[in-house]
Amino acid sequence: MPNLLAENKKAYFNYQILETFEAGVELKGFEVKAIKTGRVNLTGAFATLKRSHGGRSTEIWLTNADIPPYQPKNTPADYDPRRSRRLLLKRSEIQYLIGKLQAERLTMVPLKVYNKGGLIKIELGLGRGKRKYEKREVIKKRDAQREIRRALKSQSLVAKP
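In full-length UniProt numbering, the protein residues as written are 1 to 161.
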């Protein structure tokens, strides 16, 4: 059973997630220690495509994920907590994602970071950004559900005596 270390709750609010993928992450040792203690922030993070090896292959990179150092005094002086980190996916998955991203104007956002078999994995969501009116509808529905629960709870408290 994977051990959940961090979750990007804003991703579900800002994006309509259509598909999910599991990816490994290329990390440094002290970053692994920091993530395992839960010190990772995925808010505002996204994945991008970059060409490498003279344009022959494409890699997927996690950008803007904040991983503060586990021990600030023992980390290298030039360490950037928001540096880009390479995501490890199969070549067939990368080709599939490239096709989806170009054809349908989708975005890749990290949803969860978890520990699976001693390795740090990221669940990537392939999603479409929600418009402002869609976000307002979600908030209205959530508030209505909250009011219904409150009304039911107050009725059950009144009916008991």
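We put the beta carbon where it would ideally sit given N, CA and C, even for glycine.
- In the three-state scheme derived from DSSP, where H, G and I count as helix and E and B as strand, Val109 is classed as strand.
- Shown here, Gly99 sits in a helix according to DSSP, grouped into three states.
- Sorting Ala45, Leu97, Glu93 by C-alpha distance to the C-alpha of Lys10 places Ala45 at the top.
- Relative to Leu126, the option among Asp143, Arg105, Gln145 whose CA is nearest is Arg105.
- Within the stretch 28 to 66, the complete beta strand (DSSP E) segments of 3 residues or longer fall at 46 to 52, 57 to 63, listed in chain order.
- Taking all protein chains in view, the Cβ of Glu123 is crowded by 16 or more other Cβ atoms within 10 Å, so the residue is classified as buried.
- A direct Cα-to-Cα measurement between Gln71 and Met108 gives close to 30 Å.
- A distance of 8 Å or more separates the beta carbons of Gly24 and Lys112.
- Membership of Ala23 in the beta strand (DSSP E) is indicated by the continuous run 15 to 25.
- A straight-line Cα-Cα distance of about 7 Å links Tyr114 and Ala6.
- Taking one beta carbon from each stretch, the stretch 62 to 81 and the stretch 32 to 40 have 3 or more pairs nearer than 8 Å; the two touch.
- Take the alpha-carbon of Glu26 and the one of Pro81: they are about 14 Å apart.
- By the Cβ-count criterion, Arg149 is exposed, with fewer than 16 other Cβ atoms from all chains shown falling within 10 Å of its own Cβ.
- Looking at the DSSP output, Tyr79 sits in no beta bridge, so it has no partner there.
- Beyond the five residues adjoining it in sequence on each side, Lys130 comes within less than 7 Å, by CB distance, of Asn14, Tyr15, Gln16 in the same chain, given in chain order.
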